[in-house]
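The structure under discussion appears below in the form of structure tokens.
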Amino acid sequence: MSVPQKPSFFHRKKSCPFSGPRAIAIDYRDPRILQRFVSERGRMVPSRISSVSAKKQRELALAIKRARYLAIMPYVVD
Numbered sequence: 142m143s144v145p146q147k148p149s150f151f152h153r154k155k156s157c158p159f160s161g162p163r164a165i166a167i168d169y170r171d172p173r174i175l176q177r178f179v180s181e182r183g184r185m186v187p188s189r190i191s192s193v194s195a196k197k198q199r200e201l202a203l204a205i206k207r208a209r210y211l212a213i214m215p216y217v218v219d
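For the sequence shown, the numbering used here begins at 142 and goes up steadily by one.
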């Protein structure tokens, strides 16, 4: 007797939101875009969750750090 197989789902790999033809520019002066890549506790979201490429993740981290230093974004969420 054979066991019925579960239906297989195709998981599409997420593409980096900062690369491609309709890419968003990483800018430390735009906290609305940077806030998408910061958790509700104020920590940067890792690239495996946010689907950002390694190069763009480094640029994003630098932009978030600059925005925090210039008091555009908070270091910690209360």
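We treat Cβ as the ideally placed atom computed from N, Cα and C, and that holds for glycine. Because the structure is a prediction, the values reported are computed rather than measured.
query, result
"Sequence-distant residues of the same chain with beta carbon closer than 7 angstroms to A202, five excluded per side", "M185"
"Straight-line Cα distance separating P158 from A164", "6 angstroms"
"Option nearest I174 by Cα separation, candidates S149, P187, G161, A208", "A208"
"Sheet register partners of M185 (DSSP bridge)", "V179"
"Option nearest V218 by Cα separation, candidates R182, S156, S149, K147", "R182"
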